[in-house]
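One structure is given below, encoded as structure tokens.
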Amino acid sequence: MQKFYRVRLTEEERQELQALVSKGKAAARKLTRARVLLLADQAEGGLANSDPQIVAALGCGRATVERVRQQFVEEGLEATLNSKPTTRIYERRLDGKAEAHLVAIACGAPPEGRARWTLRLLADRMVALGYVESVSHEAVRQTLKKTSLSPG
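For reference, each letter of the sequence shown is one residue, going 1 to 152 in my numbering.
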């Protein structure tokens, strides 16, 4: 099969990757990517292994090898080895007002027939009272942990 992304390392890049791998003092992801690049190198003096050979040698997935090849060709060595910081923004389910209501409910008496509040009961009560549209028991747990309260 014709390779779309051909890895051709310069001598300088090859030495940098070999030094990184031989030290072994880096994140596992970074070391795996460095090994993939070294094995896939088709330049003069490179190993030029095929994807199935690289997969067998490193025990990683075929898609990983393909992605590393593509990223190296498109973005370069530095971008391939070092992952980008996340740009994801996590939306809070409970704002300050909703947290205050949650704490008040948790400090109050548990429902009839219950000895204590459970996280799921608290989440259901918050939705039933209309303080939030939806909330998971995990969000309730994290909020109560942050405020040093326990349901019960």
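Ideal Cβ placement from N, Cα and C applies to all residues, glycine included.
Every value quoted in this text rests on a predicted model; they were computed, and no experiment measured them.
Can you give the Cα-Cα distance for residue i and residue j, rounded to whole angstroms?
i, j, result
"Leu171", "Ala43", "One cannot answer for residue 171 here, as it falls past the ends of the chain, which runs 1 to 152."
"Pro110", "Asp95", "23 Å"
"Arg125", "Ser83", "41 Å"
"Gly113", "Arg141", "22 Å"
"Cys107", "Trp117", "9 Å"
"Gly152", "Ala115", "Unreliable positioning characterises Gly152 in this predicted model, as indicated by a pLDDT of 49, which lies under 50. The coordinate reading is nonetheless provided below. Spanning the two alpha carbons is a distance of roughly 8 Å."
"Val103", "Ala19", "54 Å"
"Val55", "Thr64", "9 Å"
"Val135", "Tyr5", "45 Å"
"Arg93", "Ser148", "19 Å"
"Gln15", "Lys146", "48 Å"
Which residues bound the alpha helix (DSSP H) around residue i?
i, result
"Ser22", "Glu11 to Lys23"
"Glu99", "Gly96 to Cys107"
"Thr32", "Ala28 to Ala40"
"Arg120", "Leu119 to Ala128"
"Phe72", "Arg62 to Glu75"
Helix, strand or coil for residue i? Go by DSSP, reduced to three states.
i, result
"Lys84", "coil"
"Arg141", "helix"
"Ala57", "helix"
"Pro52", "helix"
"Ala115", "coil"
"Glu78", "helix"
I'd like to know whether the C-beta atoms of residue i and residue j end up nearer to each other than 8 Å.
i, j, result
"Phe72", "Val7", "yes"
"Glu74", "Asp51", "no"
"Asp41", "Ala34", "no"
"Arg120", "His101", "no"
"Val68", "Thr86", "no"
"Thr143", "Glu91", "no"
My guess is that residue i and residue j are in contact by the Cβ rule of under 8 Å, so how many angstroms apart are they, rounded?
i, j, result
"Leu17", "Leu37", "6 Å"
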